[in-house]
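Quick notes on the structure that follows.
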Amino acid sequence: MAWLFDLVPAEYRRYGVLRRYPTVLSRMARLHVAADLEAAREGFRTARAELADTVPAHAVEAVLEIYRREGTRLASVARAVGLVDAGLRGGSFTPGL
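Residue 71 is where the sequence shown starts when you use our numbering, and the numbers rise one by one after that.
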């Protein structure tokens, strides 16, 4: 549960229902991480056009690299949260090759 709480806004720790029902917390974490991933994808798609007039080209490239790294990290976290969420709901995990 601590890991799931680390994935959502800090304010979520105030809500007792999230501590009492791990499936509710996992659902909220799954949705939150998915939204973060979509935001990173949108940021990557639009960064060049939106930043070209305000920062030098090397800074735009640095921003794109951040989005690449964060996108990869968030996709991995999204898969992990999905597995935890499925497990809490009674699903099973079969490792892939």
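Beta carbons are placed, not taken as given, at the ideal position from N, Cα and C, and that holds for glycine. The model shown is predicted, which means the values in this text are computed figures rather than measured ones.
Problem - Best match in Tyr137, Met98, Ala132 and Glu81 for proximity to Arg115 [C-alpha to C-alpha] - result: Tyr137
Exercise for the section: Please go through the same chain and pick out, in chain order, the residues whose beta-carbon is closer than 7 Å to the beta-carbon of Pro92, but skip the five residues on each side of it. Expected result: Met71 and Leu158
Handout entry: Reduced DSSP secondary structure (H/G/I, E/B, other) of Met98
Key = helix
Exercise for the section: Counting only the same chain and skipping the five closest in sequence on each side, list residues whose C-beta sits under 6 Å from that of Gly20. Expected result: Because the chain spans 71 through 167 in this model, residue 20 falls outside it and cannot be assessed.
Practice task
Go to Glu135, then tell me how far its alpha helix (DSSP H) extends in each direction, as first and last residue.
Solution key: Ala127 to Leu158
Problem - Beta-carbon proximity list for Leu95, same chain, < 6 Å, skipping 5 on both sides - result: Leu74 and Leu88
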